[in-house]
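Before any comments, here is the structure.
Number of protein chains: 2
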Amino acid sequence: MNSFQYKNPTKIIFGKDKIATLKTELPADARILMLYGGGSIKKNGIYEQVKSALEGFQVIEFGGIPANPEYDILLEALQIIEKENISFMLAVGGGSVIDGTKFLSAAAYYQGEQPWDMLTSRQPILKGLPFATVLTLPATGSEMNSGTVITREETKEKLAMGGPGLFPVFSILDPQVVISIPERQLVNGITDAFTHVLEQYMTYPAGGILQDRFAESILQTLIEVAPVIIKDPANYEAASNFMWSCTMALNGLIQQGVPGDWTVHAMGHELTALYGIDHARTLAIIAPSHYRYYFDNKKEKLAQYAERVWKITEGTLEEKAQKGIEKTEAFFQGMGIATTLAAYTEEVVGTAQTIAQRFSDRGWKSMGERGALNPEDVEKIVEMSYY
Amino acid sequence: MNSFQYKNPTKIIFGKDKIATLKTELPADARILMLYGGGSIKKNGIYEQVKSALEGFQVIEFGGIPANPEYDILLEALQIIEKENISFMLAVGGGSVIDGTKFLSAAAYYQGEQPWDMLTSRQPILKGLPFATVLTLPATGSEMNSGTVITREETKEKLAMGGPGLFPVFSILDPQVVISIPERQLVNGITDAFTHVLEQYMTYPAGGILQDRFAESILQTLIEVAPVIIKDPANYEAASNFMWSCTMALNGLIQQGVPGDWTVHAMGHELTALYGIDHARTLAIIAPSHYRYYFDNKKEKLAQYAERVWKITEGTLEEKAQKGIEKTEAFFQGMGIATTLAAYTEEVVGTAQTIAQRFSDRGWKSMGERGALNPEDVEKIVEMSYY
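Chains as they are written, first to last, in numbering that gives the first Met the number 0: chain A, 0 to 386; chain B, 0 to 386.
Below, the structure is given as structure tokens:
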């Protein structure tokens, strides 16, 4: 096991009808900016629940944060924060709204030239404007971590940043929100959380016996609850385990003391930036090819995964590892998620070269759990994902 | 899954040679009280490592905190805290030293008549004098939770208290400390952590699918590493997984959203208070009888545990559940831990009545995961544990 430091100060308030606790959790004298997305919260009743809990507080609203939170739109919110002396933010939404709020948290205190520089410089954010979240879409884990991913349409870029200053003060998780999530987003959420775990687990054996078992626990739980909530999002037991699994998949715990990969995300982000493909689906496109390409490096963990998560008991280590990849593809496909790029766009040719060039331009030459992934590898992996 | 609130702000610093990070983690201008136990840290080199890291800080030492931290001794430390204007405490030890330090953390701010009243009143502690820990004995999880158990020789009592004000600011976990732990304490630590998980898991099915799997992960890891570290405490991989498992067993995570029992501990504490039996061993004495007595209530979880943790695939649910109890006994016994009271004391007769009377005197009439355990049950369970 590697050495690590771990601290996660976010308070989780989990359960039925917990949105009302905003009343007591929010600082009474705060000037609050309430942020949300495209307006689905106005259709599913969450907006009313939040507004009702916010009665008596000083609140300004900022709606319209899109999926893949857009830099230019966030700059508008930043102006409001400055002009209105906002002292606390409340993100009501899924990963995009929460990630946008985190960017604003950092930007509110940023002293540099342009807030975008925070994303290219990759410096950890030590202090941010305090914020909380009401989670409406389980998927990204953003409600209990300190990372954010921001998109810039102008340059077709999608970049990550984070740091100990960007944890939510508290996050409210009411599994009843799952009832009103469209199936497309539900399966995206399952796929996203599942791949988050894989990025932290599918590397090489590193003596993290407990971490491995925790990761496998989340994968097994997602596999168990996926068909139940897709069939019946009102199943509270399945919804609550889905929601808690998504949070635990990326709140930092399972990555402590073990190597991480994250290059499936790096490549996937490019597919979203280039073609607007849903984030989760880009991961389902890239992951199988990535594991096939790095088979020799990852085969021990792939076989362990096949044995423990998918109960594959027959065959050599290599055969089990191979089965592990196939089972993963079948799991995504079984939820209606296509696992090739060609299923999403006709412009596949040249994509691999474009993405490899971008990695090269950014100097991303030693990525992945062994620092061995370079732009040439990226080109091959993306190409393998075409059809 | 039940509703829950979860927040754990303790920073974990985990790995080889991390004691030196005290230098940068401790507040520079603090007046520090360094607390430790019977002096084993002076033999195994940890004392020197800590003192070396503390150079330049204002430090007063208080050694001699015994296993089962004794109220009267802690009152002496409390006088030093007041007289010397201590602003930060550093516990260097295992669960007893850390628990003693937590009691002092609360007592330093306590306004009532007698600090013991904090233990009998069971009011949550909202604010304490800040403290950190250097863990020398993995077992109790006290390094990452906000609970403490204090013993009073005068009245032969052992009581628990806690609250959000009693989390360590940070805890340093260097698995290399395991090398110098005597085998007796090593197997106590494994048994203690194992039983902590059981108390939060061996109840009834409550829809905590992920929590169950996390609990089973810790149990499986402890079972896997136990023989390795008993044979070779210098095995870093086993030691680090043992250490992290003990922390995760009782840092609050696996208990969220599911019922807990904790009556094995309540009865076990009495055996320590009456006969001075090692805490972990009292749990090994009580747990099997407790599960046999409450078999009908716990059999579903016992069977799930037998299947998933011990890989028992044959038999009816009841037979599997029975096997689960037997496997647990065998696991303890295999480490040299006797599982009957008579193995520790000749005064078994009357013990059950004494303990039942104490529960009755304290008004503890509805304990356990269903609030159904009363003093009559306690009497029967303890009696079943005699031989």
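Note that the Cβ used here is the ideal one computed from N, Cα and C, for glycine as well.
Note down, in chain order, each residue of its chain lying with its Cβ closer than 7 Å to the Cβ of residue 378/A, except the 5 sequence neighbours on either side.
In the first sequence, the residue the question calls residue 378/A occupies position 379. Counting only Cβ-Cβ distances below 7 Å, and skipping sequence neighbours, we find 351, 352, 355.
State the Cα-Cα distance for the pair residue 287/A and residue 324/A, rounded to the nearest angstrom.
Start at 1 with the first residue of the first sequence, and residue 287/A comes out as number 288. Start at 1 with the first residue of the first sequence, and residue 324/A comes out as number 325. Their backbone Cα atoms lie some 6 Å apart in a straight line.
List the residues of chain A that residue 247/B touches, going by C-beta distances under 9 Å, in chain order.
Translated into the one-based positions of the second sequence, residue 247/B becomes position 248. Within chain A, the residues near residue 247/B are 209, 213, 252.
Consult DSSP for residue 381/A and reduce its assignment to one of helix, strand or coil.
Reading the first sequence from its first residue, position 382 is the one you call residue 381/A. The answer is helix: DSSP assigns residue 381/A an H, G or I state.
Pull up the DSSP beta-bridge partners for residue 10/B, would you.
Within the second sequence, numbered from 1, the residue matching residue 10/B stands at position 11. DSSP output for residue 10/B lists 169/B as bridge partner(s).
Spatially closest choice to residue 383/A from 128/A, 349/A, 307/A, by CA coordinates:
Numbered from 1 along the first sequence, position 384 holds the residue referred to as residue 383/A. Taking only the C-alpha atoms, the option nearest residue 383/A is 349/A.
Report all residues from its chain with a CB closer than 8 Å to the CB of residue 190/B; omit the five preceding and five following residues, and keep chain order.
Taking the first residue of the second sequence as position 1, residue 190/B is located at position 191. So the qualifying residues of the chain are 279, 280, 282, 283, 331, 334, 336.
Does the structure place the region 132-140 of chain B close enough to the region 110-118 of chain B that three or more beta carbon pairs sit under 8 Å?
no
Take residue 128/B as the anchor and find which of 85/B, 181/B, 255/B has the nearest alpha-carbon.
Here residue 128/B corresponds to residue number 129 of the second sequence, with the count starting at 1. Nearest of 85/B, 181/B, 255/B to residue 128/B, Cα basis: 85/B.
Less than 8 Å between the C-beta atoms of residue 114/B and residue 203/B, yes or no?
Within the second sequence, the letter at position 115 stands for residue 114/B. Within the second sequence, the letter at position 204 stands for residue 203/B. It is not a contact, given that the beta carbons lie outside the stated cut-off.
At what residues does the beta strand (DSSP E) containing residue 87/B begin and finish?
Translated into positions along the second sequence, residue 87/B becomes position 88. From DSSP, the beta strand (DSSP E) with residue 87/B extends over 87-92.
Got a sec, what are the start and stop residues for the beta strand (DSSP E) residue 57/A sits in?
Position 58 of the first sequence, counted from the start, is the residue given in the question as residue 57/A. That run of the beta strand (DSSP E) goes 57-61.
Which parts of the region 193-237 of chain A are runs of the beta strand (DSSP E), unbroken and 3 residues or longer, counting only runs that do not cross its ends?
none
Between the region 95-102 of chain B and the region 145-161 of chain B, do three or more beta carbon pairs fall short of 8 Å?
yes
Note down the Cα distance separating residue 158/A from residue 371/A, rounded to an integer number of angstroms.
Here residue 158/A refers to the residue found at position 159 of the first sequence. Here residue 371/A refers to the residue found at position 372 of the first sequence. Between residue 158/A and residue 371/A, the C-alpha separation is close to 21 Å.
Reference residue 60/A, options 185/A, 233/A, 46/A, closest by Cα
Taking the first residue of the first sequence as 1, we reach residue 60/A at position 61. When only C-alpha atoms are compared, the closest one is 46/A.
Taking all protein chains shown into account, do 16 or more other C-beta atoms lie within 10 angstroms of the C-beta of residue 125/A, making it buried, or fewer, making it exposed?
Locating residue 125/A in the first sequence gives position 126, where the first residue counts as 1. Flag for residue 125/A reads exposed.
So if I threshold CB-CB distances at 7 Å, which residues from the region 19-30 of chain B count as touching chain A?
none
Could you please tell me which residues of the region 142-173 of chain A, in chain order, have their CB closer than 7 Å to any CB of chain B?
none
Within 8 Å, strictly: CB atoms of residue 134/A and residue 88/A
As a position in the first sequence, residue 134/A is number 135, starting the count at 1. As a position in the first sequence, residue 88/A is number 89, starting the count at 1. Their beta carbons are not under 8 Å apart, which means residue 134/A does not touch residue 88/A by this criterion.
Between the Cα of residue 229/A and the Cα atoms of 178/A, 218/A, 207/A, 206/A, which residue gives the shortest distance?
Within the first sequence, the letter at position 230 stands for residue 229/A. Of the listed residues, the one whose Cα sits closest to residue 229/A is 178/A.
Mind checking which residues open and close the alpha helix (DSSP H) that includes residue 320/A?
Looking up residue 320/A in the first sequence gives position 321. First-last of the alpha helix (DSSP H) with residue 320/A: 316-333.
Compile a chain-ordered list of the residues in the region 364-379 of chain A whose CB is closer than 9 Å to at least one CB of chain B.
none
Quick check on the DSSP output: what are the complete beta strand (DSSP E) runs of length 3 or more inside the region 140-166 of chain B, in order along the chain?
146-151, 156-161
When the cut-off is 8 Å and only beta carbons count, does residue 5/B lie next to chain D?
Of the protein chains in the structure, A and B, none is chain D.
Could you check whether the region 244-253 of chain A touches the region 212-224 of chain A, counting it as contact only if at least three pairs of C-beta atoms, one from each stretch, sit closer than 8 Å?
yes
So is residue 13/A in contact with chain B if we call contact Cβ pairs under 8 Å?
Taking the first residue of the first sequence as position 1, residue 13/A is located at position 14. Chain B, which has a Cβ nearer than 8 Å to the Cβ of residue 13/A, makes this yes.
Is the beta carbon of residue 68/B less than 8 Å from the beta carbon of residue 166/B?
As a working mapping, residue 68/B is identified with position 69 in the second sequence. As a working mapping, residue 166/B is identified with position 167 in the second sequence. No, they are not a contact pair.
Can you say whether residue 267/B is buried or exposed, counting buried as having 16 or more other CB atoms within 10 angstroms of its CB?
Taking the second sequence and counting its residues from 1, one reaches residue 267/B at position 268. Label assigned to residue 267/B: buried.
Answer with yes or no whether the minimum CB distance from residue 201/A to chain B is below 8 Å.
Locating residue 201/A in the first sequence gives position 202, where the first residue counts as 1. No, no contact with chain B.
For the putative contact between residue 216/A and residue 212/B, defined by C-beta atoms under 8 Å, what is the C-beta separation to the nearest angstrom?
For this step, residue 216/A is matched to residue 217 along the first sequence. For this step, residue 212/B is matched to residue 213 along the second sequence. Between residue 212/B and residue 216/A the Cβ distance is about 3 Å, and since that is below 8 Å, they are a contact.
Any idea if residue 226/B is buried or exposed, counting beta-carbon neighbours within 10 angstroms, 16 or more meaning buried?
Here the question's residue 226/B lines up with position 227 in the second sequence. With fewer than 16 Cβ atoms within 10 Å of its Cβ, residue 226/B is classed as exposed.
Just confirm the distance between the C-beta atoms of residue 274/A and residue 344/A, as a whole number of angstroms; I'd bet it's less than 8 Å.
For the purposes of this step, residue 274/A is taken as the residue at position 275 of the first sequence. For the purposes of this step, residue 344/A is taken as the residue at position 345 of the first sequence. Residue 274/A to residue 344/A, Cβ: 5 Å. Contact.
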